[in-house]
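Colleague: Sending over a structure as C-alpha cells; questions will come in a sec.
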Amino acid sequence: MTTGAAGGRRVVITGIGVTAPGGPGVKNFWQLLTDGRTATRSISFFDPAPFRSQVAAEVDFDAELLGLSPQEIRRMDRAAQFAVVTAREAVEDSGLETGELDPYRVGVTIGSAVGATTGLDQEYRTVSDGGRLELVDHAYAVPHLYDYLVPSSFAAEVAWAVGAEGPGTVVSTGCTSGLDAVGHAAELIREGSADVMIAGAADAPISPITVACFDAIKATTPRNDDPEHASRPFDASRNGFVLGEGSAVFVLEELDAARRRGAHVYAEIAGYATRSNAFHMTGLRPDGREMAEAIRVALDEARMNPGDLDYINAHGSGTKQNDRHETAAFKRSLGEHARRTPVSSIKSMVGHSLGAIGSIEIAASALAMEHGVVPPTANLHRPDPECDLDYVPLTAREHRTDAVLSVGSGFGGFQSAIVLARPERSAR
Amino acid sequence: MPATTFTAEDLRRILREGAGADDGVDLDGDILDAEFEALGYESLALLETGGRIEREFDITLDDDTLTDARTPRALIEAVNARLSASAA
Amino acid sequence: MRGKAVVTGLGVAAPNGLGVEEYWRATLGGRTGIGRITRFDPTNYPARLAGEIEGFVAEDHLPGRLLPQTDRMTRIALVGADWAFADAGIAPGDLPEFDMGVITASSSGGFEFGQNELRALWSKGGQYVSAYQSFAWFYAVNSGQISIRNGMRGPSGVVVSDQAGGLDALAQARRQIRKGTSLVMTGAIDASLCPWGWVAQLAGGRLSTSDDPEHAYLPFDARARGHVPGEGGALLVLEDGEHAERRGARVHGEFAGYGSTFDPRPGSGRPPGLRKAIELALADAGLEPDGIDVVFADAAAVPELDRVEAEALAGVFGPRGVPVTAPKTMTGRLYSGAAPLDLAAAFLALRDQVIPPTVHTDPDASYDLDLVGPEPRPAALGTALVLARGHGGFNSAAVVRTATG
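Residue numbers (this note's numbering), protein chains in the order written: chain A, 30 to 457; chain B, 5 to 92; chain C, 9 to 413.
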C-alpha cells in the first residue's frame with residue numbers, strides 16, 4: 030500500500046518557480062545544471078577591488094521584463110522582487126486558479142536569511158552620508174525603508190501577488206531558511222491550517238556589507254583570478270564558498286486536492302526535520318551528529334529507509350569544514366547507503382545564495398525526479414580524501430530518481446533535512 | 005628598523021576589545037604559552053583579533069598565521085615577523 | 009494534560025520592569041516605561057519618545073566572551089531565557105539534548121550591531137567590519153545563541169512577521185511539541201532603538217510625534233496619533249502538558265488556540281483578516297466567543313487600524329461584549345516582543361484574577377469597546393485572547409487558559 034507522512038494529509042509540489050544565476054526561470058536553471066555550467070563570475074554590481082573575495086553568482090534580472098510594475102520595483106528590495114517574480118512563475122506552472130480558492134486557505138511562507146540587506150546597505154550609505162553621520166538623517170530615507178527593516182514584507186508582497194489571505198510569515202533560520210520555509214509550509218497543510226501554500230525563499234545579499242562580513246571570517250573564496258571555477262565543493266582545493274543570490278518558490282497542495290484537479294505532481298514533501306548543533310554560531314562539529322539526526326527524523330517521518338534514497342542534494346558549500354561535516358553526517362545517518370547514493374552540490378554552479386539556496390536546491394531535487402537526471406558537482410577534479418562519496422563530478426547523470434534527500438546547514442547551528450518522494454511509492 | 009613592535013600588552017588589549025575575556029581566565033597573568041583554546045578563544049575570536057591587528061598595525065597576515073599560531077607567544081612572533089618584513 | 013502545550017516558565021524584560029514580578033507590579037500600578045530617548049540624541053528627529061529598558065547590565069549576567077559578539081537585544085534574550093528556565097524550575101541539562109528546541113520571532117535582528125558595522129564599512133572600509141557581523145545582526149541570532157548557551161539541539165526556528173511574529177513563534181513551538189518535543193523556549197525579545205533603526209521606523213509612518221509620555225500612545229482614543237516603540241518582550245518555556253505534569257511543574261496556563269490570516273491586497277474590496285484570525289483561534293481552542301474573559305488588544309493607535317480592531321472585536325463578541333485591555337500603553341510597542349509580553353501578562357492576569365490597566369487612553373465611544381481604564385480591574389478569569397498585527401497585513405490571535413480549564 031502507499032502511505033504518506035505519518036498518515037493523514039499529504040503534501041505535494043505542483044508548481045515550481047526559480048530565479049537563479051544563469052538566467053531566470055525554471056528552464057534556464059535546469060539547463061545550466063544539466064550542462065554542468067557555472068554562473069559564478071567577478072562581481073559586477075559594485076567595484077569589488079577593496080574586498081578579499083571578489084566573485085559571486087549574480088542573477089541577470091530585468092524586473093520590468095519579468096512583469097513587475099514600476100511601483101513594485103520602486104518599493105521592493107531586490108530579494109522581494111525575486112520572490113514575487115518567482116512566486117508568479119510557480120503559480121502559473123501549477124495551473125492553479127488562485128481566484129477560485131478560499132483565500133483564507135492559501136498561505137505564504139518565504140525564507141530569507143538576510144532579508145533586505147542590499148537595500149539596507151544602500152540606504153544606510155545615503156542617510157549616513159557615506160558613514161559620516163552617526164545620527165543618520167531621516168530626511169534622506171526612502172519611504173519604503175520600513176519594509177527593508179522588517180523582511181516580513183517579502184511574505185506580504187507574495188501574498189498580495191497571489192491573493193493569499195491565510196497564514197503568512199517569513200522564516201529566517203540563516204542558510205537553512207529556504208529548506209525550513211518549505212518544511213514549515215508543508216506542516217501547515219498537513220495539520221489542516223491551509224490547503225495551499227506558496228512556499229519558497231529569496232535572498233539578494235551581493236552587497237558590500239555582506240561581502241565584507243564573510244571576508245572577515247574568511248568564509249568566502251579568494252579565488253578571484255578564476256571566477257568560473259571558484260566554487261569547488263568537495264574538491265581538495267576548495268577554499269570557501271561563492272556568494273550567490275536568487276529565489277525558488279513552490280506551490281504546495283494537499284495531495285488529494287491536487288489529484289482531484291488533475292494537477293501535475295512533481296513530488297511529495299514526504300519528510301522534514303530540523304535540529305540545532307548548539308555548538309557555535311558559525312562552526313560545525315566534525316562528526317555531523319545533529320545533521321545526521323535531522324536526516325534520521327526526516328526519513329522516519331517519510332517512513333523510508335536510507336536505501337530508498339536515489340539522490341542526495343548536498344549543502345556542499347565549498348568551505349573546508351562544511352563539506353567534511355556533511356560527508357560525516359551522511360555516513361552517520363545512512364550507513365553504507367551513503368556510498369551507494371549519488372550526492373551533488375549545485376552551489377558549484379549557482380553559488381550560495383544564503384537563505385534562498387535551500388529552496389533552489391529543493392527545486393533542483395524535484396527536477397531531478399521529474400527528468401531522471403542528477404545534476405553534477407562542477408569543478409570537482411580532485412576530491413578531498415575525507416570527502417569520499419560519489420559526488421557526481423562535472424557531468425550530469427541519467428539516473429532514475431524516485432526519492433531525494435536535500436540538506437542544509439546554517440549559521441546559528443541549524444541543520445535541516447527534507448525528503449522528496451513520488452507519492453505513489455510504497456513505504457516501509 | 006621597524007618603528008613598531010607588537011607586544012603582549014597589545015595582544016591583551018586587542019583580545020579584550022575584540023573578543024572579550026573568559027570569566028575564568030586572567031589575561032594579565034602568565035598566558036604567553038597557554039593555548040588560545042584554553043584561554044577561551046576559538047577560531048572566530050582569533051579571526052576578529054587578527055583583523056584588528058591587521059588594521060591597527062597596517063599589515064596583512066597570511067590565512068594560515070591565525071590557525072598555525074596556537075599560543076599568544078606564537079602569534080606575537082608571527083606578527084612581529086610580519087612587521088619587520090614590511091619595514092625592511 | 010495530554011496533547012496540550014502549557015507555559016511553565018516566563019522571562020520578562022520590559023521598559024517598565026525587568027523580570028516577571030517587577031514588570032507585573034509596575035503594570036498593575038500603572039507605571040509607564042515610556043520616556044524621552046536616552047540611547048541617542050533624538051532632538052532632530054520628529055519622534056523622540058520610546059520605551060527603553062533601564063538597568064539592564066549585561067556584564068552582570070553574561071560571560072565576557074559573549075559581549076563583543078552580541079547586540080543588545082540578544083543579550084537581553086539570553087538573560088530572559090535564563091529567567092524563563094529558572095521560573096519553570098527546570099535546567100536545560102535536565103532534558104535530553106534533542107528534546108528541547110528554541111523558536112523565536114524577530115523583526116529586525118540585531119539592528120544596532122548592524123548599524124555599527126555599516127558605519128565602519130562606509131566610513132572606514134570593509135576590513136573594519138567585525139568578524140561577528142555575519143550572524144550578530146541577523147534574524148536567527150537569538151534562537152542560535154539561546155540554543156548554544158543551553159545545549160538545546162531539538163527543532164528550532166525563527167519567524168518574522170513583524171509584530172504578529174511573537175504569536176506565530178508560539179504556534180510553531182506548539183506544533184513541535186505536538187510532534188513530540190518536550191520543551192521549546194519561545195517568544196521574542198526585540199529592539200532597534202538606534203539612530204538607523206529609528207529612521208527606518210520613522211519611514212513606516214506610524215510613530216507618535218508627541219513629546220508627552222502621557223499623550224503619545226493613545227490607542228482607541230480620538231486623539232490617537234501613532235505609537236511609541238519600545239524594546240524587550242518575553243521568553244516563555246512552552247512544555248508538553250504531560251511532561252510538565254510528570255515533573256510536577258507549576259503551570260502558568262495553556263496555549264490553547266491560535267489563528268492567523270493575512271489582510272487582502274489593498275483595493276480588493278475584501279474585509280480585513282483580523283476577525284477571521286480571532287474566529288480561527290477560538291475554534292482551535294474549542295471555545296465560543298462567550299468563553300473569552302479578556303482581550304489583550306493589538307492597540308495600534310492608528311485610527312484606521314484601531315477601527316479595524318474594534319470592529320473585529322464587536323463582530324465576534326458584540327458591542328462592549330468583552331473587557332479589552334492594552335498594557336502595552338505602558339511599554340510601547342515592542343515589535344515581535346509585544347505579543348509574548350502580552351501572553352506573559354495574560355498568564356499573570358489569570359493567576360491573580362485581575363485585568364491589567366490601559367493607561368492614558370480616553371476611549372472614543374464610537375469604538376464601542378469595554379476598555380479597561382487606568383486602574384486594574386478584578387475579574388474572574390479563566391481565558392484570555394491576545395491579538396497581534398504586523399505591518400503589511402499580518403494578523404495573529406492566540407487563546408490562553410488556566411491549566412485546570
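Ideal Cβ placement from N, Cα and C applies to all residues, glycine included. These numbers come from a predicted model, not from an experiment.
Please state if the CB of glutamate 60 of chain C and the CB of threonine 46 of chain C are separated by a distance shorter than 8 Å.
Modeller: For the purposes of this step, residue 46 of chain C is taken as residue 38 along the third sequence, with counting starting at 1. For the purposes of this step, residue 60 of chain C is taken as residue 52 along the third sequence, with counting starting at 1. Closer than 8 Å, so yes.
Colleague: Is there a Cβ of chain B sitting closer than 8 Å to that of glycine 37 of chain A, yes or no?
Modeller: Within the first sequence, numbered from 1, the residue matching residue 37 of chain A stands at position 8. Chain B contact via Cβ: absent.
Colleague: List the DSSP bridge partners of threonine 303 of chain A.
Modeller: Working through the first sequence from its first residue, we reach residue 303 of chain A at position 274. Per DSSP, A/Ser445.
Colleague: Can you look up valine 167 of chain C in the DSSP assignment and give me helix, strand or coil?
Modeller: Numbered from its first residue, the third sequence carries residue 167 of chain C at position 159. Valine 167 of chain C falls in the strand class under three-state DSSP.
Colleague: Return the residue from the list C/Gly398, C/Val330, C/Leu126, C/Gly390 that minimises the CA-CA distance to leucine 377 of chain C.
Modeller: Counting from one through the third sequence, the residue named residue 377 of chain C turns up at place 369. Closest by alpha carbon: C/Val330.
Colleague: Along the beta strand (DSSP E) that carries proline 331 of chain C, what are the first and last residues, could you check?
Modeller: Translated into the one-based positions of the third sequence, residue 331 of chain C becomes position 323. Its beta strand (DSSP E) spans residues 331-333.
Colleague: Run through chain C and tell me which residues come within less than 7 Å of aspartate 244 of chain A, C-beta to C-beta.
Modeller: Walking along the first sequence from the start, residue 244 of chain A turns up at place 215. The contacting residues are Gly134.
Colleague: Taking only beta carbons into account, state which residues of the segment 238-266 of chain A come closer than 7 Å to chain B, listed in chain order.
Modeller: Residues Ala245, Ile246, Lys247.
Colleague: Which of the three DSSP states is assigned to glutamate 283 of chain A in this structure?
Modeller: Position 254 of the first sequence, counted from the start, is the residue given in the question as residue 283 of chain A. Correct three-state label for glutamate 283 of chain A: strand.
Colleague: Identify each residue in the segment 46-64 of chain B for which the Cβ-Cβ distance to at least one residue of chain C is less than 8 Å, and report them in chain order.
Modeller: From the segment 46-64 of chain B, only Leu48, Ala49, Leu51, Glu52, Gly55, Glu58, Arg59 have a Cβ closer than 8 Å to chain C.
Colleague: Grab me the residues of glycine 442 of chain A's own chain with a C-beta within less than 8 Å of its C-beta, minus the 5 sequence neighbours each way, in chain order.
Modeller: Within the first sequence, numbered from 1, the residue matching residue 442 of chain A stands at position 413. For glycine 442 of chain A, where only same-chain residues beyond five positions count, the Cβ hits under 8 Å are Ser305, Asn306, Ala307, Phe308, His309, Met310, Glu319.
Colleague: If we call anything under 8 Å between Cβ atoms a contact, is alanine 352 of chain C one with valine 28 of chain C?
Modeller: The residue given as residue 352 of chain C occupies position 344 in the third sequence. The residue given as residue 28 of chain C occupies position 20 in the third sequence. Cβ distance < 8 Å, so alanine 352 of chain C and valine 28 of chain C count as in contact.
Colleague: So is valine 20 of chain C buried or exposed if we call it buried at 16+ other beta carbons inside 10 Å?
Modeller: In the third sequence, counting from the first residue as 1, residue 20 of chain C sits at position 12. With 16 or more Cβ atoms within 10 Å of its Cβ, valine 20 of chain C is classed as buried.
Colleague: Name, please, each residue of chain B whose Cβ falls closer than 7 Å to the Cβ of glycine 311 of chain A.
Modeller: For this step, residue 311 of chain A is matched to residue 282 along the first sequence. First, the amino acid is wrong: residue 311 of chain A is threonine here, not glycine. Here the neighbours are Leu48.
Colleague: Indicate the three-state DSSP secondary structure (helix, strand or coil) for asparagine 403 of chain C in the structure shown.
Modeller: Against the third sequence, residue 403 of chain C aligns to sequence position 395. In this structure, asparagine 403 of chain C counts as strand in the three-state DSSP scheme.
Colleague: Any idea which residues DSSP pairs leucine 191 of chain C with across the strands?
Modeller: As a first step, residue 191 of chain C is located in the third sequence; it is residue number 183 there, counting from the start. Looking at the DSSP assignment, leucine 191 of chain C forms a beta bridge with C/Met108, C/Glu247.
Colleague: In whole angstroms, what is the alpha-carbon distance linking arginine 454 of chain A and aspartate 339 of chain A?
Modeller: Stepping through the first sequence from its first residue, residue 454 of chain A is reached at position 425. Stepping through the first sequence from its first residue, residue 339 of chain A is reached at position 310. If you take the alpha carbons of arginine 454 of chain A and aspartate 339 of chain A, they lie about 13 Å apart.
Colleague: In the segment 220-273 of chain A, which residue ranges form an unbroken alpha helix (DSSP H) of at least 4 residues, counting only runs that do not cross its ends?
Modeller: Listed in chain order, the complete alpha helix (DSSP H) runs (minimum 4 residues) inside the segment 220-273 of chain A are 237-245.
Colleague: Using the rule of at least 16 other Cβ atoms within 10 Å of the residue's Cβ for burial, across every protein chain shown, is lysine 247 of chain A buried or exposed?
Modeller: Your numbering for residue 247 of chain A matches position 218 in the first sequence. Buried is the call here.
Colleague: In chain order, what residues of the same chain lie with their CB nearer than 7 Å to the CB of serine 73 of chain A, ignoring the 5 residues before and after it?
Modeller: Position 44 of the first sequence, counted from the first residue, corresponds to residue 73 of chain A. Glu87, listed in sequence order.
Colleague: At what residues does the beta strand (DSSP E) containing serine 435 of chain A begin and finish?
Modeller: In the first sequence, residue 435 of chain A corresponds to position 406, counting from 1. Its beta strand (DSSP E) spans residues 432-439.
Colleague: Would you grab the beta carbon distance between methionine 193 of chain C and isoleucine 154 of chain C for me? Rounded to a whole angstrom, and I think it's under 8 Å.
Modeller: Reading the third sequence from its first residue, position 185 is the one you call residue 193 of chain C. Reading the third sequence from its first residue, position 146 is the one you call residue 154 of chain C. Indeed, because the Cβ distance is near 6 Å, the residues count as touching under 8 Å.
Colleague: If the cut-off is 8 Å on Cβ atoms, which residues from the segment 63-88 of chain C count as contacting chain B, listed in chain order?
Modeller: Cβ contacts with chain B: Pro71, Gly72, Arg73, Leu74, Leu75, Pro76, Gln77.
Colleague: Which residue's Cα is closest to the Cα of alanine 446 of chain A: A/Asn351, A/Ala302, A/Ile391, A/Ala357?
Modeller: Position 417 of the first sequence, counted from the first residue, corresponds to residue 446 of chain A. Cα-wise, what sits closest to alanine 446 of chain A is A/Ala302.
Colleague: In the DSSP assignment, the alpha helix (DSSP H) including alanine 49 of chain B goes from what residue to what residue?
Modeller: Taking the second sequence and counting its residues from 1, one reaches residue 49 of chain B at position 45. Here the alpha helix (DSSP H) through alanine 49 of chain B covers 47-61.
Colleague: Mapping DSSP to helix, strand and coil, what is valine 303 of chain C?
Modeller: Translated into positions along the third sequence, residue 303 of chain C becomes position 295. In the structure shown, valine 303 of chain C sits in a strand (DSSP, three-state: E or B).
Colleague: Use the C-beta contact count for leucine 423 of chain A: other C-beta atoms within 10 angstroms, 16 or more gives buried, fewer gives exposed.
Modeller: Taking the first sequence and counting its residues from 1, one reaches residue 423 of chain A at position 394. By the neighbour-count rule (16 or more Cβ atoms within 10 Å), leucine 423 of chain A is not buried but exposed.
Colleague: Pull up the CB-CB distance for glycine 148 of chain A and aspartate 106 of chain A, whole angstroms please, since I reckon it's below 8 Å.
Modeller: Along the first sequence, one-based indexing puts residue 148 of chain A at 119. Along the first sequence, one-based indexing puts residue 106 of chain A at 77. Rounded, the Cβ-Cβ distance is 4 Å, consistent with contact.
Colleague: Output the distance between the C-alpha atoms of glutamine 141 of chain C and glutamate 39 of chain B, rounded to the nearest integer angstrom.
Modeller: What you label residue 141 of chain C is simply residue 133 of the third sequence in a count that begins at 1. What you label residue 39 of chain B is simply residue 35 of the second sequence in a count that begins at 1. Roughly 26 Å separates the two Cα atoms.
Colleague: Quick test of the definition: if touching needs 3 or more C-beta pairs under 8 Å, does the segment 365-380 of chain C touch the segment 282-299 of chain C?
Modeller: Contact fails: fewer than three Cβ-Cβ distances are below 8 Å.
Colleague: What residue does the beta strand (DSSP E) around alanine 21 of chain C start on, and which one ends it?
Modeller: Along the third sequence, read from residue 1 onward, the residue named residue 21 of chain C stands at position 13. Its beta strand (DSSP E) spans residues 13-22.
Colleague: Given that alanine 82 of chain B touches chain C, what residues does it touch there, using C-beta distances under 7 Å?
Modeller: In the second sequence, counting from the first residue as 1, residue 82 of chain B sits at position 78. None at all; the shortest Cβ gap to chain C is about 18 Å.
Colleague: For a contact meaning CB atoms closer than 7 Å, what does serine 138 of chain C contact in chain F?
Modeller: As a matter of chain content, chain F is missing from the structure shown, whose protein chains are A, B and C.
Colleague: Assess contact between the segment 115-126 of chain C and the segment 242-254 of chain C, defined as three or more Cβ pairs (one per stretch) separated by less than 8 Å. Is contact present?
Modeller: With a cut-off of 8 Å, the segment 242-254 of chain C and the segment 115-126 of chain C do not count as touching, because too few Cβ pairs lie within range.
Colleague: In this structure, how does DSSP classify alanine 139 of chain C when only helix, strand and coil are distinguished?
Modeller: On the third sequence, residue 139 of chain C is found 131 positions in, with the first residue counted as 1. If DSSP states are grouped into helix, strand and coil, alanine 139 of chain C belongs with coil.
Colleague: Below 8 Å on the Cβ atoms is my contact criterion, and I expect valine 113 of chain A with valine 165 of chain A to pass it. Report the Cβ-Cβ distance as a whole number of Å.
Modeller: Indexing the first sequence from 1 puts residue 113 of chain A at position 84. Indexing the first sequence from 1 puts residue 165 of chain A at position 136. Contact flag wrong, Cβ pair sits at about 29 Å.
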